[in-house]
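**Student:** First the structure, which I've put down as structure tokens, then a few questions once you've had a look.
What follows is the structure in structure tokens.
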């Protein structure tokens, strides 16, 4: 366990960090139905989004329009232990039941949900475990094996951890068609925030992350835009943005209009849209290099 003084210094430094970050201006895009009170994952689709609640809520998906209004509730026949993010590839949704605040879960999995004409086909389960994890009885939040971000990246799933001890993130790669095996850390990102959501833009090969700081003074929210080359993040070329809104932002999705969308737990509005499109953000960053 870190020394209490060291932990205190880390929290204070995090609160003061980010003075040189770019600012990402968000505008309210809408509010979610009351039943979707803790949106923890968000994925875009034609006409809007699909989202889900965090742990402790009913096992169901919420189909939403572009403003977050409810279109349909879809029951999922798999318990919601701690659903944290959602991504898609074609007609298949991947739901990360990988929340692990206490570091003690040994039933982590990714739920695969295939969309058909009649709704959801029989779900599949991809077991998740970490090769590096040895201790399954750590003090709460004193471990690095909580994962709250999932993205489909160039033919494979990337699961990104919320490393409580250093506020960085580790990437674990998983192919849905591979034999189950403990996952090994592929790459470490020095995000300086608790990563809570991810998405990937295949056209620009950009990994999108959202998260927040553990600062004592306030809870600041950030987004990272990272280029991806040869199955690795080019960390030195990443761009961090401080969101114009504060709070517990849990999900990020690239909308069909090319803008970034974010969901936030708590009071309305819970759905936000970036003022500038992803392509404009990337062009602006390139012009300043």
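Residue numbers (our numbering): 676 to 964.
Beta carbons: idealized from backbone N, C-alpha and C, even for Gly.
Count the other CB atoms, across all protein chains shown, that sit within 10 Å of the CB of residue 784; report buried if there are 16 or more and exposed otherwise.
**Tutor:** buried
**Student:** Measuring alpha carbon to alpha carbon, tell me which of 781, 937, 946, 850 ends up nearest residue 966.
**Tutor:** For residue 966 there is no data in the structure shown, the boundaries of the chain being 676 and 964.
**Student:** Looking at C-beta atoms only, is the number of pairs between the stretch 728 to 745 and the stretch 797 to 807 that lie closer than 8 Å three or more?
**Tutor:** Put simply, the stretch 728 to 745 does not touch the stretch 797 to 807. Fewer than three CB pairs are less than 8 Å apart.
**Student:** Residue ranges of each beta strand (DSSP E) run of no fewer than 3 residues wholly in the stretch 741 to 765, ordered along the chain?
**Tutor:** You should have 745 to 750, 760 to 764.
**Student:** Suppose contacts are defined by Cβ-Cβ distances below 9 Å. Is residue 827 in contact with residue 762 by that definition?
**Tutor:** yes
**Student:** Inspect the CB distances between the stretch 760 to 776 and the stretch 737 to 745 and report whether three or more fall short of 8 Å.
**Tutor:** no
**Student:** Span of the alpha helix (DSSP H) holding residue 960?
**Tutor:** Per DSSP, residue 960 belongs to the alpha helix (DSSP H) from 953 to 962.
**Student:** Between the beta-carbon of residue 805 and the beta-carbon of residue 857, is there less than 9 Å?
**Tutor:** yes
**Student:** Looking at the unbroken beta strand (DSSP E) that takes in residue 854, where does it start and where does it end?
**Tutor:** Residue 854 -> no beta strand (DSSP E), and no H or E assigned at all.
**Student:** Got a sec? Which residues, its chain only, sit under 7 Å from residue 861 by beta carbon, not counting five neighbours each side?
**Tutor:** So the list reads 846, 847, 848, once near-sequence residues are dropped.
**Student:** Which class does residue 938 belong to by DSSP, given the choice of helix, strand or coil?
**Tutor:** strand
**Student:** Just the Cα atoms here: how many angstroms apart are residue 875 and residue 885?
**Tutor:** 12 Å
**Student:** Excluding sequence positions up to five away, which residues of its chain have a Cβ less than 7 Å from the Cβ of residue 711?
**Tutor:** 726, 728, 737
**Student:** Looking only at its chain, what residues have a beta carbon closer than 6 Å to the beta carbon of residue 952, apart from the 5 residues adjacent to it on each side?
**Tutor:** 933, 934
**Student:** Where does residue 873 sit, in a helix, a strand or coil, going by DSSP?
**Tutor:** strand
**Student:** Between 844, 701, 739, which lies nearest to residue 823 when the distance is taken from Cα to Cα?
**Tutor:** Selected option, being the one with the closest Cα: 844.
**Student:** Measure how close the beta-carbons of residue 755 and residue 821 come, nearest whole angstrom, since I'm counting them as under 8 Å.
**Tutor:** Incorrect: roughly 16 Å between the Cβ atoms, too far for contact.
**Student:** Whole-angstrom Cβ separation of residue 714 and residue 949, contact assumed at under 8 Å?
**Tutor:** The Cβ separation is near 17 Å, so there is no contact.
**Student:** Where do the ends of the beta strand (DSSP E) carrying residue 720 lie?
**Tutor:** 714 to 720
**Student:** From the DSSP output, in three-state form, read off residue 910 for me.
**Tutor:** helix
**Student:** Among residues of its own chain, excluding the 5 on either side of residue 790, which ones have a beta-carbon nearer than 6 Å to its beta-carbon?
**Tutor:** 766
**Student:** For residue 700, which residues in the same chain have their Cβ closer than 6 Å to its Cβ, ignoring the five residues on either side in sequence?
**Tutor:** 919, 950
**Student:** Ignore the nearest five residues each way along the sequence and tell me which others in residue 837's own chain have a CB closer than 8 Å to its CB.
**Tutor:** 821, 822, 823, 824, 844, 869, 870, 871, 886
**Student:** Please state whether DSSP places residue 930 in a helix, a strand or coil.
**Tutor:** Note: residue 930 maps to coil in three-state DSSP.
**Student:** Given residue 956, which residues of its chain have a CB within under 7 Å of its CB, disregarding the five upstream and five downstream residues?
**Tutor:** Taken in chain order, the residues that qualify are 900.
**Student:** According to the neighbour-count rule (16 or more other Cβ atoms, all chains shown, within 10 Å of its Cβ), is residue 1049 buried or exposed?
**Tutor:** It is not possible to answer for residue 1049, since the shown part of the chain is limited to 676 through 964.
**Student:** Let's test the definition: count the other Cβ atoms within 10 Å of the Cβ of residue 928 and tell me whether it reaches 16, buried, or not, exposed.
**Tutor:** Under this definition residue 928 is a buried residue.
**Student:** Within 10 Å of its beta-carbon, does residue 842 have 16 or more other beta-carbons around it, so buried, or fewer, so exposed?
**Tutor:** With a threshold of 16 other beta carbon atoms within 10 Å, residue 842 meets it and is buried.
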